[in-house]
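Asks:
Numbering (this note's numbering), first residue to last: 38 to 114.
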């Protein structure tokens, strides 16, 4: 993506200990066009909730969820 002129930012919110407000502030600041979220079955409900809140802040962004849960059960994603 960078080769095509896009700015790319990677944020591992759980590893950095970011809370939801911090994540939403990042969204407000960066105004991304694409958000990719890694998810798993144990965290799927929270991941969907976070994704919904991000979409409220950055409605123009495309959101993509990847990971074991969405790969195994795409109808729930």
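For each residue, glycine too, the CB sits at the ideal point set by N, CA and C.
With DSSP collapsed to three states, give me the class of residue 110.
Replies: Three-state DSSP puts residue 110 in coil, outside helix and strand.
Asks: Relative to the C-alpha of residue 82, which candidate in 54, 58, 102 and 38 has its C-alpha closest?
Replies: Looking at the Cα atoms, 102 is the closest of the given residues.
Asks: For residue 92, which residues in the same chain have their Cβ closer than 8 Å to its Cβ, ignoring the five residues on either side in sequence?
Replies: 98 and 100, listed in sequence order.
Asks: Taking all protein chains shown into account, decide if residue 73 is buried (16 or more other Cβ within 10 angstroms of its Cβ) or exposed.
Replies: Exposed.
Asks: Pick helix, strand or coil for residue 41, following the three-state DSSP scheme.
Replies: In the structure shown, residue 41 sits in a helix (DSSP, three-state: H, G or I).
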